[in-house]
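Residue numbers (my numbering), protein chains in the order written: chain U, 80 to 459; chain G, 80 to 459.
Now the structure itself:
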């Protein structure tokens, strides 16, 4: 028997009570069975997003909401800034290309956070830039970009919107769209929301809705305005992913009970213990600065293959973590600590890494990483 | 206590064993846990679709696949034929408009099937028409269009593709894309596939893939070619709706055990008993011809409000059926008999309608509809 531990940065584990809630008999989406659920979930999402604006719900992966944040607000030929500091930052550029948007890509070395001053420079030189697109947490590198500072810059440009992909950030650490000035804030179901993949969410500011009126990019299935109009009637433009929304109702209740600040404190503690534990075992973190509290990217030690670490964690420990993507393949491995995660998930991850690397011939001292994590948990 | 019966044309009931299968712990989509599931599901979908072509899987509602069947194969300014004989036929025109496609809408009175000769005439006059878009089963009216005959016509035009929305048809009655010449065949998860909403599917012929090479409409999230390339590696372009695909694995096993022809025979029998039962109680069917085996649309008797029938079925019988949409609201009600449905679901529906209409003052004889349905089931 080998027990399984899902410690990858999405999908993340779904709490058993949520799994069972979603296993209830199907109900009809255009019926009085479903509309009170939509109503509760809409309210709960505003609380989670810390916004007074409607939070749209789409039956799609997070990429659907990323596309929608471009196609619903821009016209072919429009110019935007995108921050490319990893696989998901790169995706902004690809979507822009598909929609005929002129994306100026700010290239950031993978593992580093963008310098907000670069964005300020671009906007000063060219106020015709219609939007700035960035990740709050770049899943591929484990780096958090400073969206608060960037929001403070973009805020001064009345015709430029600020779009944040918080797919692996929302519900992990504090992001305040209304207070800071984030015009579109995106997340997905399978990360801190502890649900199966299949739902994407987006909050939209008044500034962005004004841009929506003139936006000429093609869109139909991912039409944000149509979703907003339907949401006001506690329904959706097209058939919603009913079972996932029922799971969301349960998740939002659980999170509200814990309290949003407590959720952030928990994630911060788990992330800190993971980082310190890995360093305690002699490993080096991949991010040069600003590590994300959602996922920790660790460098494979010199002479060790990161994919082998990933593979052995799965095969001998039952732990599904993540390897590196694209040119980081083999160079790093990643451990998630977001969503349905507590201190013993972190202990399990560090212990698994210790045993696997020891077996591979690494020289670190067994238990030294776990000890460091325990000290963090005990505030020693 | 009131027991609940879901007899609406989607979402349809999900079998308990499928609900429980989907309640298993989450697994990672880019891992050896998931790829064998994708492999099995891909094979099973080819069997279900009766095609040798890949069947793409999208995390979206059926409308996502409808959009993709336009955006992946056409360029702005292209001319197509769409059959508008109901709410879903009308949607083709709306999607075309959103993508700058010139749609010639063939208007068919709601409740009637399109005359294939009209399509033949259009194509003869204008062979520059790039595609013909139609529903196999128009859910809003309960009418089945004759897609076999239309396929036989479109087949003769090498630069025209034939696209069929079989969202409430596939797995209900026989549709043979390769044999008949359907270039794109679409379905969704929440109908005959007995799953929660959130997945859309599309098979694509070689003729359509050739058109894909020149198609210039904007697309990113619903990029069919990217999905095909990933499907060959038993994965998906973006995070798939893992739990629904796991449910699909279970559903396909169940359907294969029953056998495809038996599935069709079952649906045909249930549909026939529903139609005859309603007539046996003195009611009139809405379709003038070619009723669909997926859903039966029944006219509210003269002087009775269809929405009241729908409402009373829900409130006093626990039966969620469907009312009429748009201008049919109040004029009809609809009973589904697709998916996880057997003869006592049909008996329940007819009995519920008998009791509700009797209470509303209708003159029909109680039990006369049920009697007629029983005769059909006993082949009397």
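Just so you know, even glycine gets a beta-carbon here, dropped at the ideal spot from N, CA and C.
Source: prediction; values computed, not measured.
CA-to-CA distance, residue j to residue i, given in whole angstroms
i, j, result
"residue 389 of chain U", "residue 277 of chain U", "26 Å"
"residue 413 of chain G", "residue 191 of chain G", "16 Å"
"residue 418 of chain G", "residue 270 of chain G", "6 Å"
"residue 305 of chain U", "residue 299 of chain U", "9 Å"
"residue 162 of chain U", "residue 86 of chain U", "27 Å"
"residue 449 of chain G", "residue 361 of chain G", "12 Å"
"residue 383 of chain G", "residue 446 of chain G", "20 Å"
"residue 285 of chain U", "residue 238 of chain U", "12 Å"
"residue 335 of chain U", "residue 326 of chain U", "14 Å"
"residue 456 of chain U", "residue 296 of chain U", "50 Å"
"residue 157 of chain U", "residue 151 of chain U", "12 Å"
"residue 293 of chain U", "residue 154 of chain U", "8 Å"
"residue 122 of chain G", "residue 114 of chain G", "12 Å"
"residue 173 of chain G", "residue 184 of chain G", "10 Å"
"residue 343 of chain G", "residue 143 of chain G", "26 Å"
"residue 451 of chain G", "residue 353 of chain G", "9 Å"
"residue 385 of chain U", "residue 324 of chain U", "37 Å"
"residue 460 of chain U", "residue 181 of chain U", "In this structure chain U extends from 80 to 459, so residue 460 of chain U is not present and cannot be described."
"residue 310 of chain G", "residue 135 of chain G", "7 Å"
"residue 213 of chain U", "residue 332 of chain U", "29 Å"
"residue 348 of chain U", "residue 427 of chain U", "15 Å"
"residue 249 of chain U", "residue 228 of chain G", "52 Å"
Residue i at chain B interface by Cβ criterion, 8 Å
i, result
"residue 89 of chain U", "The displayed structure is made up of protein chains U and G, and chain B is not among them."
Neighbour-count burial assignment, residue i, 16 or more Cβ in a 10 Å radius
i, result
"residue 210 of chain U", "buried"
"residue 459 of chain G", "exposed"
"residue 196 of chain G", "exposed"
"residue 424 of chain U", "buried"
"residue 340 of chain G", "exposed"
"residue 216 of chain U", "buried"
"residue 435 of chain U", "buried"
"residue 126 of chain G", "exposed"
"residue 186 of chain G", "exposed"
"residue 433 of chain U", "buried"
"residue 338 of chain G", "exposed"
"residue 81 of chain U", "exposed"
"residue 440 of chain U", "exposed"
"residue 92 of chain G", "buried"
"residue 378 of chain G", "buried"
"residue 393 of chain U", "buried"
"residue 395 of chain G", "exposed"
"residue 104 of chain G", "exposed"
Element boundaries [beta strand (DSSP E), containing residue i]
i, result
"residue 283 of chain G", "278-283"
Limits of the alpha helix (DSSP H) - the one that residue i falls within
i, result
"residue 93 of chain G", "Segment: none, residue 93 of chain G is in no alpha helix (DSSP H) and carries neither H nor E."
"residue 202 of chain U", "195-204"
For the segment 287-301 of chain G, list every residue whose C-beta sits within 9 Å of some C-beta in chain U, in sequence order.
296, 297, 298, 299, 300 and 301
Can you list the alpha helix (DSSP H) stretches of 4 or more residues lying completely in the segment 164-192 of chain G, in chain order?
166-177
I'd like the ranges of any beta strand (DSSP E) spanning at least 3 consecutive residues and lying wholly in the segment 300-363 of chain G.
none
At which residue ranges does the segment 220-275 of chain G contain complete alpha helix (DSSP H) runs of 4 or more residues, listed in the order of the chain?
226-233 and 256-259
If you scan the segment 371-458 of chain G from start to end, which runs of the beta strand (DSSP E) of 3 or more residues do you find wholly inside it?
374-378 and 411-415
Positions along the segment 321-355 of chain U whose CB lies within less than 7 Å of some CB in chain G:
321, 322 and 323
Proximal residues, the segment 162-191 of chain U versus chain G, C-beta separation under 8 Å
173, 174, 177, 178 and 179
Runs of alpha helix (DSSP H) lying entirely within the segment 110-175 of chain G, each at least 4 residues, in chain order:
114-128 and 141-150
Please name the residues in the segment 269-288 of chain U whose beta-carbon is closer than 7 Å to at least one beta-carbon of chain G, in chain order.
269, 275, 276 and 277
Using a Cβ-Cβ cutoff of 9 Å, what residues of the segment 104-135 of chain G are near chain U? List them in chain order.
104, 105, 106, 107, 108, 109, 110, 111 and 112
Closer than 7 Å between beta carbons: that is the criterion. Which residues of the segment 409-439 of chain U meet it against chain G?
none
Could you please tell me which residues of the segment 355-375 of chain U, in chain order, have their CB closer than 8 Å to any CB of chain G?
none
Contact residues within the segment 240-271 of chain G, judged by C-beta distance below 8 Å to chain U
267 and 269
When you check each C-beta in the segment 304-317 of chain U against every C-beta of chain G, which residues fall closer than 7 Å?
317
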